[in-house]
Each structure stands twice: as structure tokens, then as C-alpha cells.
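Novice: Number 184 in this note's numbering belongs to position 78 of the sequence shown; there are no gaps in the numbering.
Every residue, glycine too, gets a C-beta built ideally from N, C-alpha and C.
Handing you this structure, nothing more for now.
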Amino acid sequence: MGKLGLPSVMAKVAMVVSNSCAPDPRVLRSAFWLVEAGHQVTIHAFDRLQLHAKSESTHGARIMRYHLGEIPYGGMRKTIKGILQFVKRVKASLIHSPPDLIYCHDADTLSVAVSLKKSHQIPFVFDMHDLHHTWIRMPSPNSILRKLLSRKLEATMLRQASKADAIITTSGKIEGGKFDGFEQYLQSKNLASTVVENRPLEMSIPQQEPSDNKQWTIGYLGRVRELKTFTLMLEAIKLIPATERPNIIIAGDGTKAKEVQQLMMDAVEFGEIEAEVSGAFTSSQFQELVGQLDVMFALYPPNRGNISQGALPVKMFDAAAHGVPSIVNSNCLMGELAEYEEIGIAVRWDDPQAACDALLELRGTIVELRITSQREKDKFLSAVLPLLD
């Protein structure tokens, strides 16, 4: 080790992620931790809609964004073709200038690392943010074709993940708890992993107690992928007397963004609600948006495999870091954790009355996120730094 406890030799780490990283808090958080530990990090990101700068530096990490023509989110053939092009380009870039470690964010980037480990003996980390193979079933969960494709993607992911030198994932069973997380899913496939939850770096708790008499606001901040989440939100709010209904703030892009905007604007036009709907936001804009909320709405269709198998929504942690409670799914890990840490209420999916009751109960509540990312940072560095020695 050199001065200040930093390594005497700086290692080059290549991170690979199939979104534009503009921003992706989990990717940037892990990059910053490695930079702080004295290493050089380059993030190879796929800017599918070509909206962001091709090269950018942030907190010591470099982001290289690949522009390969506009590739839609949520498509099948075009999306798969675009990701294959991205993977091919990243492989070529890394072969030209091999790193000391490859860090794959999500399963669709694993082939990059598997290929270079075979050809150049480069170790790699697989960071499994979620169960990537479940996403293909979202548009039509009962489709036989999509089920078969999902199984094929899962088998490929497990085969490639078995070659990783370390696996990081986002959720694990609470001690003494009932519900499994992604760690247990991997264990069932004979793969060991380290849990690093998506907890924020900073907290900003309101200093003043809220008033029950003021106008209140509920919100959804993040990717807009499912219409049903928002129809449920609307049904729950309409059960509240008109004079007591909260305002709604929805911010984020995604495959269902236009449909959700139309749903909310129709309700505004009919005089049922007051709502603001906007697109993608930056980290600084998130701070402003979450500061306007009294409750975060984080309910998702449970037939999406991620929910029943242990997904923990980032927005639940980010909201709690700002004192904002969340309404989340019951009968799964996210609901168990929210109530265990007293940062939200878990309710049955597709039960507007239960959602309505939870919203009213959380009105005027300020919560505290007692566990932040410092615990997660320690676990992350313990798992990854030995690969850079």
C-alpha cells in the first residue's frame, strides 16, 4: 500500500452497463467507491436514444457513451440487435486496451467479460441488479414464446455468471425474516454472492414537522414501465374525498410514459386530480422532486418475477433518506423490509382501498433511514478489492 492507504499500483477497471448512465446511481456509486480506493474507472455505457455526451467525467470516473443509432427501450428485435452491437463494440475497445478488471452491470453485459476472461485472463465481477431474464415477460406474462425466451436467457446468465470471480447483488433475506432475496435465488443455483443494497450516499431529513392541514403530495419517481401501477394509484386516490385528495407528481421515462401521461391528464381534465407529469430527471432534479413529496408510491405488479423473488426498489430507500415514507407491495421482501425498518407500509397488490388507507395513514409521517450506504460500501470493497491486488 502507498501513502494515505491507497494502493501503490492503480488498477484499471472497465464497467459495462447497457443504459446511458445518465445517471444510474448504483453504477456511479460503485465506480466512486473504486475511485476513492485509488483505482481508475471507465464506464462503458449504451446511450440508446443518443441524448447524452459521448464522453463525460464525474467524481473521478470517466463515462464513455456509445452512440449506435436510436434503439428503443422495450422492443424485442431492435433492442436485442442494439445490445449485440454495443457488446461487440465494447469487446473491441477492451481488447485494444485491456483493463485489469471488468465489472458487468446486469446480465446483458456478461458476454463481454466472459469473452475477455477466456482470451486475456481478465477477472470480472457480475453485479446482478435484478433478474434480467424476467423483463422479457413483462409485456405479456402469459406468452409461451416469452416464457421460453426467459428460460433461455436465465440459463445463459447462470452459465456465464458461474465464471465470475465475484458476484454482487442487491437483496438478501432479513435475519429471521420470511422472504428470500436475490442472494437466495443465486444460492439455489449454487452461486455465492455479496449483497450490496441500493442505499443512498446522503440523507436530507426535513427539520420541520409537516402539517396535516397543508396540501399534500404523493409521487412516483423512476422508470415508467407499467400502466397498472398508475391506474391503481388513480383508483386509490379517487377513494379519498375530493377536498382531501393529494396532488400527484410523476417523473421518469420508460416504455409506458406516454400512456401514463395521457391517463393522468385525462383525470386532470375531468377535475378528479391535480397532477404534474414529466420525463427523465438528473440527480439534482431528483433532490428537488422528492423534497415535494409526502409519500412515495412504489407498488408494482407482482407477476413480474423481480417482485416476488426479492427486488428492493431504489426509490423506497431514496425517499426514506429524505424523510419520505413509501407504500410498497406486501407478501414479498420489499414489504417486509419497509415495515421492519419503519420506512413504509406494505399493502396487497391491486387493492385500491388498501392503498388508499395506507396513503392516508402515511400522510404527515416523517421516517428515518437508519442504515445508509456506508455498510454497503464496506461489503462492496471487501468483495471487489481482493481482485485488484
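Given a cut-off of 7 Å, decide if residue 360 and residue 330 are closer than it, judged by their beta-carbon atoms.
Specialist: Yes.
Novice: What is the DSSP secondary structure of residue 297, reduced to helix, strand or coil?
Specialist: Residue 297: coil per DSSP, three-state reduction.
Novice: Name, in chain order, the residues that DSSP records as bridge partners for residue 328.
Specialist: The partner list for residue 328 (beta bridge, DSSP) is empty, contrary to what the question assumes.
Novice: Please classify residue 326 as buried or exposed, where buried requires at least 16 neighbouring CB atoms within 10 angstroms.
Specialist: Its Cβ being crowded by 16 or more others within 10 Å, residue 326 is buried.
Novice: Please determine, among 434, 427, 323, 441, the residue with the shortest C-alpha to C-alpha distance to residue 383.
Specialist: Nearest option by C-alpha distance: 323.
Novice: Would you call residue 347 buried or exposed, if buried means 16 or more other Cβ atoms sit within 10 Å of its Cβ?
Specialist: That one is exposed.
Novice: Report the rounded CA-to-CA distance for residue 170 versus residue 126, giving the unit in angstroms.
Specialist: Cα-Cα distance, rounded: 9 Å.
Novice: Assuming residue 468 and residue 433 are in contact, meaning their beta carbons sit under 8 Å apart, how far apart are those beta carbons, in whole angstroms?
Specialist: Right, their Cβ atoms sit about 7 Å apart.
Novice: May I ask you to report which of helix, strand or coil DSSP gives residue 233?
Specialist: Strand at residue 233.
Novice: Sorted by chain position, which residues of the same chain lie with C-beta nearer than 8 Å to residue 419's C-beta, five sequence neighbours on each side aside?
Specialist: Around residue 419: 328, 404, 406, 432, 434, 440.
Novice: Distance check for residue 182 and residue 485, CA to CA, integer angstroms please.
Specialist: Those two C-alpha atoms are separated by around 36 Å.
Novice: State the DSSP-derived secondary structure class of residue 150, mapped to helix, strand or coil.
Specialist: Here residue 150 sits in strand by DSSP.
Novice: Would the region 267-287 count as touching the region 232-248 if we require 3 or more Cβ pairs under 8 Å?
Specialist: Taking 8 Å as the limit for Cβ pairs, the verdict is that the region 232-248 does touch the region 267-287.
Novice: Can you list, in chain order, the residues of its chain with a C-beta nearer than 7 Å to that of residue 386? Leave out the 5 residues immediately preceding and following it.
Specialist: Result list for residue 386: 358, 359, in chain order.
Novice: Should residue 229 be labelled buried (16 or more other beta-carbon atoms within 10 Å of its own) or exposed?
Specialist: Residue 229 comes out buried.
Novice: Based on DSSP bridge pairs, tell me the residues matched to residue 159.
Specialist: None, per the DSSP bridge assignment.
Novice: For residue 409 versus residue 204, is the C-beta distance shorter than 7 Å?
Specialist: No; because the gap between Cβ atoms is not below 7 Å, this pair is not in contact.
Novice: Within 10 angstroms of the Cβ of residue 459, are there 16 or more other Cβ atoms? Answer buried if so, exposed if not.
Specialist: So residue 459 counts as exposed.
Novice: Do the CB positions of residue 366 and residue 392 come within less than 7 Å of each other?
Specialist: No, the Cβ-Cβ distance between residue 366 and residue 392 is not below 7 Å.
Novice: How far does the alpha helix (DSSP H) with residue 342 in it extend, from its first residue to its last?
Specialist: Per DSSP, residue 342 belongs to the alpha helix (DSSP H) from 333-344.
Novice: What does a CB cutoff of less than 6 Å around residue 353 pick up in its chain, not counting 5 residues either side in sequence?
Specialist: Cβ within range, chain order: 323, 380.
Novice: Between the C-alpha atoms of residue 342 and residue 453, what's the straight-line distance to the nearest angstrom?
Specialist: So the alpha carbons of these two residues sit roughly 12 Å apart.
Novice: Is residue 145 buried or exposed, if buried means 16 or more other CB atoms sit within 10 Å of its CB?
Specialist: It counts as buried.
Novice: Smallest Cα separation from residue 494: which of 211, 421, 271, 400?
Specialist: The candidate whose alpha carbon is nearest that of residue 494 is 271.
Novice: Quick one: using the 10 Å Cβ neighbour count with 16 as the cut-off for buried, is residue 172 buried or exposed?
Specialist: Label assigned to residue 172: buried.
Novice: When the Cα of residue 302 is compared with those of 266, 417, 450, 400, which residue comes out closest?
Specialist: That would be 417, whose Cα lies nearest to the Cα of residue 302.
Novice: Run the CB neighbour count on residue 193, radius 10 Å, all protein chains shown included, and call it buried at 16 or more, exposed below.
Specialist: Looking at its Cβ environment, which holds 16 or more other Cβ atoms inside 10 Å, residue 193 is buried.
Novice: Do residue 266 and residue 207 come within 7 Å of each other at the CB atom, strictly closer than that value?
Specialist: Contact flag unset, no.
Novice: Helix, strand or coil for residue 125, going by three-state DSSP, please let me know.
Specialist: Residue 125: coil per DSSP, three-state reduction.
Novice: Cβ of residue 306 within 7 Å of Cβ of residue 424?
Specialist: Yes, they are a contact pair.
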